[in-house]
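If you're matching positions, the sequence shown starts at 1 in the UniProt record's numbering and goes up one per residue.
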Amino acid sequence: MQKLGIVHTVSQLAPMFADLAAELLPGVQPIVIADELLLKQAVRDGAVDDVTRERLRGHVAALADFGVEAVLVTCSSVGAVVDEIASGTNIPVHRVDRAMAERAVELGTTIGVLATLPTTLVPTTDLVAAAAHEAGRTGVEVVSRLCDGAFAALERGDRARHDAIVAEELDRLAAAVDVVVLAQASMARIAAARPTGGTHVLSSPRLAMERVAYMGR
Numbered sequence: 001m002q003k004l005g006i007v008h009t010v011s012q013l014a015p016m017f018a019d020l021a022a023e024l025l026p027g028v029q030p031i032v033i034a035d036e037l038l039l040k041q042a043v044r045d046g047a048v049d050d051v052t053r054e055r056l057r058g059h060v061a062a063l064a065d066f067g068v069e070a071v072l073v074t075c076s077s078v079g080a081v082v083d084e085i086a087s088g089t090n091i092p093v094h095r096v097d098r099a100m101a102e103r104a105v106e107l108g109t110t111i112g113v114l115a116t117l118p119t120t121l122v123p124t125t126d127l128v129a130a131a132a133h134e135a136g137r138t139g140v141e142v143v144s145r146l147c148d149g150a151f152a153a154l155e156r157g158d159r160a161r162h163d164a165i166v167a168e169e170l171d172r173l174a175a176a177v178d179v180v181v182l183a184q185a186s187m188a189r190i191a192a193a194r195p196t197g198g199t200h201v202l203s204s205p206r207l208a209m210e211r212v213a214y215m216g217r
């Protein structure tokens, strides 16, 4: 692989994914599109509408036309749309949370999903349930929790408040499940700093980039 397309809906995530690309895909050039309107419209409307769907489809098409060999979309809120696009595109198009969901069902039977947005909580919860079904894992229970107020704090620039809300909910959820998946890539740094006993805590960025690197060999 020589070029990897990356679509962000949160511009602040770009440095983290650039670092992962440099580590896991040395010599591969990331070609980045940042479109925060994709997420803002989904949050405003409570769902991904046709306009947002076509904007994302257009970004993937533009990256493919530019010559990238794969695309990673780093927003879980549009994950279902990524799957739709992937089925009709002649290059791999990856949703950021799929590798995380598949790992979660390998590690436990009670899986917690933690998110700061309802628009992310639902698709990631659905993805974990689908991953369990595809893996033939019966009896998997998915417990979903929303970190109320965390995303609003992040939007107004109060990262400390965002992190405190997420950390509190993470501790509470980790005490009740085998595995916690953090539905948004922006939550990854919190997981790295939280001791959670024997509970596995998974975040999507590294797992997604490892999947891209493996499939790009």
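Where a beta carbon is used, it is the ideal one built from N, C-alpha and C, also for glycine.
Note that the coordinates shown come from a computational prediction; the quantities given were computed from them, not determined experimentally.
Check: Cβ-heavy atom distance, ARG103 to the ligand ZN, below 6 Å; Outcome: Ligands in the displayed structure: none, and consequently the ligand ZN is not present.
Check: Contact under 7 Å by Cβ, VAL201 with VAL180; Outcome: yes
Check: C-beta contact flag for SER77 and THR125 at 7 Å; Outcome: no
Check: Three-way DSSP call (helix, strand, coil) for ALA174 in this model; Outcome: helix
Check: LEU182 burial status per 10 Å Cβ neighbour count (16 or more: buried); Outcome: buried
Check: Which listed residue (ARG98, LEU63, ILE165) has its alpha carbon closest to that of THR89; Outcome: LEU63
Check: Nearest to ASP171 (by Cα), restricted to the options GLU155, THR199, ASP158, SER204; Outcome: THR199
Check: N- and C-terminal bounds of the alpha helix (DSSP H) containing ARG53; Outcome: 50-66
Check: Segment limits, beta strand (DSSP E) that includes PRO30; Outcome: 29-34
Check: Candidates LEU38, ALA21, THR52: closest to ILE31 by CA position; Outcome: ALA21
Check: Through-space distance from THR9 to VAL118, alpha-carbon basis; Outcome: Reading off the sequence, residue 118 comes out as Pro, not Val. Taking the straight line joining both Cα atoms gives about 16 Å.
Check: Own chain partners of ALA34 with C-beta closer than 6 Å, once the 5 adjacent residues on each side are dropped; Outcome: HIS8, SER11
Check: Residue range of the unbroken alpha helix (DSSP H) whose run includes ALA101; Outcome: 98-107
Check: Which of helix, strand or coil DSSP assigns to ILE6; Outcome: strand
Check: Length of the line joining the Cα atoms of ALA174 and ALA160; Outcome: 21 Å
Check: Under the three-state DSSP convention, the category VAL140 falls into; Outcome: coil
Check: Beta-bridge pairing of LEU202 - partner residues as DSSP gives them; Outcome: VAL181
Check: The beta strand (DSSP E) enclosing LEU25, as first and last residue numbers; Outcome: Segment: none, LEU25 is in no beta strand (DSSP E) and carries neither H nor E.
Check: Inter-residue CB distance, PRO123 and ALA80 (contact presumed, cutoff 8 Å); Outcome: 5 Å
Check: Straight-line Cα distance separating ARG211 from ARG95; Outcome: 10 Å
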